[in-house]
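Below: the structure, in structure tokens.
In full-length UniProt numbering, the protein residues as written are 1 to 142.
Printed below as a string of structure tokens:
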């Protein structure tokens, strides 16, 4: 796999949304994503959802991530919670703790923190509190 191309094939169907924060862009705040979210720029805040988060080689995140799958090819400073798996690629760096059912760490990656492999039920409880029970943005007055 080329370092510039970090792809999760078959992980999101065509009906789900795809969002990208490009290389020369930055975003600060809280994001809800139940589809594919790719970060190639800078993001500061919390990401919550049941989708897939891909941090490209030039992507940087400062904040916590809650997602079904997380693939790190850039830099993340925060806690990562993944229902299914976390992959840290050879170009990836995670400074913070990780809570997941499975993980794959490529040679050359950097991980400073505590890796916690948890049973599915415990992860579901975390996601119920932190994702499912978190109210979505209200658009009633829009």
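Glycine is no exception: its CB is placed at the ideal position from the N, C-alpha and C atoms.
- Excluding sequence positions up to five before and after residue 57, its CB lies within less than 6 Å of the CB of 3, 73, 74, 91, all in the same chain and listed in chain order.
- Under DSSP, the beta-bridge partners assigned to residue 111 are 94.
- Of 38, 48, 87, the smallest CA-CA separation from residue 110 is found for 87.
- Following the DSSP letters along the chain, one finds residue 120 inside the alpha helix (DSSP H) bounded by residues 120-127.
- In the displayed model, residue 130 falls within a helix according to three-state DSSP.
- Sequence-distant Cβ neighbours of residue 45 in its own chain, meaning closer than 6 Å and more than five residues away, are 28, 29, 30, 63.
- Out of 77, 53, 93, 101, the CA that lies nearest to the CA of residue 124 is found in 101.
- Separation of residue 134 and residue 108 (C-alpha to C-alpha, rounded to the nearest whole angstrom) is 36 Å.
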